[in-house]
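One structure below.
There are 2 protein chains.
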Amino acid sequence: MKENRSKNIRSEFQVTYEYDVFFTKELFSLENILLSEFFQSKKTDKMKKKVLVVIDQGLFNFHNKILESIPQYFQSNVESVQLIEDLIILPGGETSKNDSNGWELVVSAINQYGIDRHSYLMVIGGGAILDMVGYAAAVAHRGIRLIRIPTTVLSQNDSGVGVKNSINYFGKKNFLGTFAPPVAVFNDSSFLVSLEDRDWRSGMAEAVKVSLIKNKVFFEWMESHVSELTHRDLTTMEHLVYECARLHMEHIQNGDPFEFGSSRPLDFGHWFAHKLEYLANFSIRHGEAVAIGMALDSIYSYLSGFLQESELNRILNLLRDLGFQFNHPVLLKNGKENLELALKEFQEHLGGKLTLLMLEGIGFPKEVYTIHLSLLESAYDRLVGWK
Amino acid sequence: MKENRSKNIRSEFQVTYEYDVFFTKELFSLENILLSEFFQSKKTDKMKKKVLVVIDQGLFNFHNKILESIPQYFQSNVESVQLIEDLIILPGGETSKNDSNGWELVVSAINQYGIDRHSYLMVIGGGAILDMVGYAAAVAHRGIRLIRIPTTVLSQNDSGVGVKNSINYFGKKNFLGTFAPPVAVFNDSSFLVSLEDRDWRSGMAEAVKVSLIKNKVFFEWMESHVSELTHRDLTTMEHLVYECARLHMEHIQNGDPFEFGSSRPLDFGHWFAHKLEYLANFSIRHGEAVAIGMALDSIYSYLSGFLQESELNRILNLLRDLGFQFNHPVLLKNGKENLELALKEFQEHLGGKLTLLMLEGIGFPKEVYTIHLSLLESAYDRLVGWK
Ligand SMILES: NC(=O)c1ccc[n+]([C@@H]2O[C@H](COP(=O)([O-])OP(=O)(O)OC[C@H]3O[C@@H](n4cnc5c(N)ncnc54)[C@H](O)[C@@H]3O)[C@@H](O)[C@H]2O)c1
Ligand SMILES: NC(=O)c1ccc[n+]([C@@H]2O[C@H](COP(=O)([O-])OP(=O)(O)OC[C@H]3O[C@@H](n4cnc5c(N)ncnc54)[C@H](O)[C@@H]3O)[C@@H](O)[C@H]2O)c1
Ligand SMILES: [Zn+2]
Ligand SMILES: [Zn+2]
Numbered sequence: 001m002k003e004n005r006s007k008n009i010r011s012e013f014q015v016t017y018e019y020d021v022f023f024t025k026e027l028f029s030l031e032n033i034l035l036s037e038f039f040q041s042k043k044t045d046k047m048k049k050k051v052l053v054v055i056d057q058g059l060f061n062f063h064n065k066i067l068e069s070i071p072q073y074f075q076s077n078v079e080s081v082q083l084i085e086d087l088i089i090l091p092g093g094e095t096s097k098n099d100s101n102g103w104e105l106v107v108s109a110i111n112q113y114g115i116d117r118h119s120y121l122m123v124i125g126g127g128a129i130l131d132m133v134g135y136a137a138a139v140a141h142r143g144i145r146l147i148r149i150p151t152t153v154l155s156q157n158d159s160g161v162g163v164k165n166s167i168n169y170f171g172k173k174n175f176l177g178t179f180a181p182p183v184a185v186f187n188d189s190s191f192l193v194s195l196e197d198r199d200w201r202s203g204m205a206e207a208v209k210v211s212l213i214k215n216k217v218f219f220e221w222m223e224s225h226v227s228e229l230t231h232r233d234l235t236t237m238e239h240l241v242y243e244c245a246r247l248h249m250e251h252i253q254n255g256d257p258f259e260f261g262s263s264r265p266l267d268f269g270h271w272f273a274h275k276l277e278y279l280a281n282f283s284i285r286h287g288e289a290v291a292i293g294m295a296l297d298s299i300y301s302y303l304s305g306f307l308q309e310s311e312l313n314r315i316l317n318l319l320r321d322l323g324f325q326f327n328h329p330v331l332l333k334n335g336k337e338n339l340e341l342a343l344k345e346f347q348e349h350l351g352g353k354l355t356l357l358m359l360e361g362i363g364f365p366k367e368v369y370t371i372h373l374s375l376l377e378s379a380y381d382r383l384v385g386w387k
Numbered sequence: 001m002k003e004n005r006s007k008n009i010r011s012e013f014q015v016t017y018e019y020d021v022f023f024t025k026e027l028f029s030l031e032n033i034l035l036s037e038f039f040q041s042k043k044t045d046k047m048k049k050k051v052l053v054v055i056d057q058g059l060f061n062f063h064n065k066i067l068e069s070i071p072q073y074f075q076s077n078v079e080s081v082q083l084i085e086d087l088i089i090l091p092g093g094e095t096s097k098n099d100s101n102g103w104e105l106v107v108s109a110i111n112q113y114g115i116d117r118h119s120y121l122m123v124i125g126g127g128a129i130l131d132m133v134g135y136a137a138a139v140a141h142r143g144i145r146l147i148r149i150p151t152t153v154l155s156q157n158d159s160g161v162g163v164k165n166s167i168n169y170f171g172k173k174n175f176l177g178t179f180a181p182p183v184a185v186f187n188d189s190s191f192l193v194s195l196e197d198r199d200w201r202s203g204m205a206e207a208v209k210v211s212l213i214k215n216k217v218f219f220e221w222m223e224s225h226v227s228e229l230t231h232r233d234l235t236t237m238e239h240l241v242y243e244c245a246r247l248h249m250e251h252i253q254n255g256d257p258f259e260f261g262s263s264r265p266l267d268f269g270h271w272f273a274h275k276l277e278y279l280a281n282f283s284i285r286h287g288e289a290v291a292i293g294m295a296l297d298s299i300y301s302y303l304s305g306f307l308q309e310s311e312l313n314r315i316l317n318l319l320r321d322l323g324f325q326f327n328h329p330v331l332l333k334n335g336k337e338n339l340e341l342a343l344k345e346f347q348e349h350l351g352g353k354l355t356l357l358m359l360e361g362i363g364f365p366k367e368v369y370t371i372h373l374s375l376l377e378s379a380y381d382r383l384v385g386w387k
């Protein structure tokens, strides 16, 4: 007779995480005491903790004065920690996640400078280098305190305020990584002025996304500030970044922060976007691909009878007015043949049953578990032809 | 005037972890339905999740029938998951953590067999390979479900039931790793029969440790079962493993599971043990070094006036009767000169102020924040000369 003659002991516990995302300007100017107050507030004993700084080369090219202002700032304003004088400048962008040299170098520096679990790694740059350095911080000594200073719109309103990090491996995006919250994030809007137009725009796709699934008021605010946003008005962008980050963080807190389940509401529009990025060999920005993915899913939602035509038009108009294009030539060439494959890959990625977010209205998402391919193909044709 | 003109958003959330440690015999015999019941209980949808198995070569040499019994078991008893037929056999022991080939191979297999976040990686072996495979599971896709099947005394009662994993890097022990609880642990006592005497004994050091800092009753139980334990009575060992695992898990649950603070109560006797392992170039077992470390700290506790002489004698007698030696020649040659350095390194490792555990009695630990070196040296001399 088959039986189960075992004993067992159950382990059950909770781990609490907390961190602040600060919104500021000129973080390293001597007048700004935000960062020094932060370090002071974290002081628990007499030991001086160390701070190792890693800077994105692409950012540094435009803001090279930080090579002086950072040491000056720590010298004048920060008593409670010790800055490692050697500031590390590394290439940013996707290459920093693709080859493992950058990651190796950061881990070596952690070893060389004796950065321990209670010391800080501070990374300044775009979402890619934040992901890579965050992953190094998460695994060295089983986790060093990470301070993120995101310098792109995307990283300030989305990637940099969350709990994930990663590098690419086996040519696969984000194959290695962890869930590891930072100890703090400092969003300094003054870094954004030097962004290429494409990066300025691309980051706004996540703001549209989060408004579509969470908050119609924010959507309407964007509708009425298109001109300021496209003309790079910094104060308007600060508000967009703040609102988007807030909604994003609210979601993480109240949801499933470490994604143990298989629902991924923040991935609205992303299943096709991921495929597009690959098809374009990453010559398209993430936000550009997400804009196309959201447009496709909005049209599909309309064709399925969930979403009203007037709301569909508002969505597509906002995206277009912000400068996004739905007919990127390279992509749309073989996009249609890849719809089915993209769905399949996304399902594999979820590792469970297919769960996609569609829209019932602006601010009102709807989970669906099956997709009608013929309807999706019609949505695709409409998207490409959309004027 | 210096001021702080920033806004901030706070993120605060909790993550809940739970897992069972099961105690059983002949896990893969067709009569034992424990494992099949486990997989059945985890089923959430129709998707068949995959299971990839990694086996410790050192274990396999003695239990090679598992190459047949595992596939048979899955075929006959387990409907809800799909076994990857290719069972991976890798060298175990510390080498599996030292060179990164093993880790690379496991991560490649995860990629090759399409193991996703909801699939399982099942590792069977000693604490070293459990640590290495656990680290691969923790970072691939930001975390795959890990099932540990520990096969040594140490891994069944201590390392395998906790939340840490790691590999060595830059020649430094556990330099890379994460905190990542398994989804389940299966302690199968039938694996223990093939252990070398040294490994059988060495694992008992952690049981003595946990009794000294947590539970006098358990200490006294060991005192009265020395003969069964040294003569390798399996039923007695099962009780030791169960009690030690239980106390260990209770501690993790009620303490600071991911070690955000700098107190490390489970490290009793370990500050010097770590140094000894290095001085001996790892020719000494972890438990053998821990036994010496505990003896040293017990004598220090006595010399400091915390611990009574009668209790000190009981501690040293139990350790000696279990077969531990305090005068390992290689180590004790230059151990004394290294006391101060060992303290310093342990403090660096904690990353904060020095916090060591000493004893006020059997089952009653006491935190101390300073060590008197001359007293420690006297303790050392007594230890080496102890008969
Ligand atoms: N961790 C997450 O949760 C998450 C979420 C979404 C996206 N991401 C990742 O974020 C990455 C994309 O981030 P991104 O959009 O910030 O791009 P990016 O980091 O690739 O940066 C784009 C370019 O801008 C440069 N740069 C950075 N700041 C600048 C500045 N202020 N002025 C001028 N140039 C500057 C960089 O050097 C780089 O060349 C991707 O790797 C993506 O996978 C992560
Ligand atoms: N993760 C943690 O919290 C934690 C805690 C303590 C120790 N550890 C780690 O555990 C490791 C030590 O583990 P260990 O003591 O189990 O030694 P081990 O894993 O090195 O195994 C010792 C030897 O026994 C062999 N072996 C395994 N099972 C066997 C069996 N049933 N019969 C015969 N041979 C068998 C192995 O192949 C190996 O050669 C160290 O790397 C240490 O750092 C981790
Ligand atoms: Zn995105
Ligand atoms: Zn130990």
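So the sequence lines, in the order shown, correspond to chains A and B. Quick note on the UniProt record's numbering: the first sequence kicks off at 1 and runs consecutively. Quick note on the UniProt record's numbering: the second sequence kicks off at 1 and runs consecutively. Backbone N, C-alpha and C define an ideal beta-carbon position, used for all residues, glycine too.
Residues bridged to residue i (per DSSP)
i: B:Ile149; result: B:Ile124
i: A:Ile55; result: A:Ile89, A:Ile124
i: B:Tyr17; result: A:Phe13
i: B:Val368; result: B:Leu356
i: A:Phe346; result: Note: A:Phe346 sits in no beta bridge, so no partner.
i: B:Tyr169; result: B:Lys172
i: B:Ala184; result: B:Asp20, B:Ile147
i: A:Phe179; result: A:Lys164
i: A:Gln82; result: A:Lys50
Burial state of residue i (16 or more Cβ within 10 Å)
i: B:Glu311; result: buried
i: A:Asn165; result: buried
i: B:Glu206; result: buried
i: A:Trp103; result: buried
i: B:Met1; result: Reliability fails at B:Met1, whose pLDDT of 46 lies under 50, so the model's placement of it is uncertain and the value that follows must be treated cautiously. Exposed, because fewer than 16 other Cβ atoms sit within 10 Å of the Cβ of B:Met1.
i: B:Val133; result: buried
i: B:Tyr369; result: exposed
i: A:His286; result: buried
i: B:Asp233; result: exposed
i: B:Gly385; result: exposed
i: B:Phe324; result: buried
i: B:Lys97; result: buried
i: B:Leu316; result: buried
i: A:Gly293; result: buried
i: A:Pro329; result: exposed
i: A:Phe170; result: exposed
i: B:His372; result: exposed
Interface residues of chain A facing residue i [CB-CB closer than 8 Å]
i: B:Phe191; result: Under the 8 Å cutoff, chain A gives no residues; its nearest Cβ is about 15 Å from B:Phe191.
i: B:Ala140; result: Phe175, Leu176
i: B:Met122; result: In chain order: nothing, as chain A lies at least about 17 Å away.
i: B:Arg320; result: Neighbours of B:Arg320 on chain A: none; closest Cβ ~30 Å, over 8 Å.
i: B:Ser119; result: Gly351
i: B:Ile252; result: Ser11, Phe13
Contact test: residue i Cβ vs ligand 5 heavy atom, cutoff 7 Å
i: B:Glu288; result: With respect to ligand 5, the structure shown offers nothing to examine, as its ligands consist of ligand 1, ligand 2, ligand 3 and ligand 4.
Neighbouring residues, chain B, relative to residue i (Cβ below 8 Å)
i: A:Asn8; result: Asp20, Val21, Phe22, Phe23
i: A:Asn215; result: Per Cβ cutoff of 8 Å: no residues; A:Asn215 is ~15 Å from chain B at best.
i: A:His274; result: Ordered by position in chain B, no residue passes the 8 Å Cβ test against A:His274, which lies about 14 Å from the chain.
Interface partners of residue i on chain A, CB under 9 Å
i: B:His270; result: What B:His270 touches in chain A: nothing, since even the nearest Cβ is about 16 Å away.
Residue i: contacting residues in chain B (beta-carbon distance under 9 Å)
i: A:Tyr242; result: Lys7, Ile9
i: A:Gln156; result: The contacting residues do not exist; A:Gln156 stays about 12 Å from chain B at best.
Contacts of residue i in chain A (Cβ-Cβ under 7 Å)
i: B:Pro265; result: Here the premise fails: no neighbours, minimum Cβ distance about 16 Å.
i: B:Phe258; result: Val15
i: B:Phe306; result: Correct list: empty, because the minimum Cβ distance to chain A is about 24 Å.
Neighbouring residues, chain B, relative to residue i (Cβ below 7 Å)
i: A:Thr16; result: Gln14
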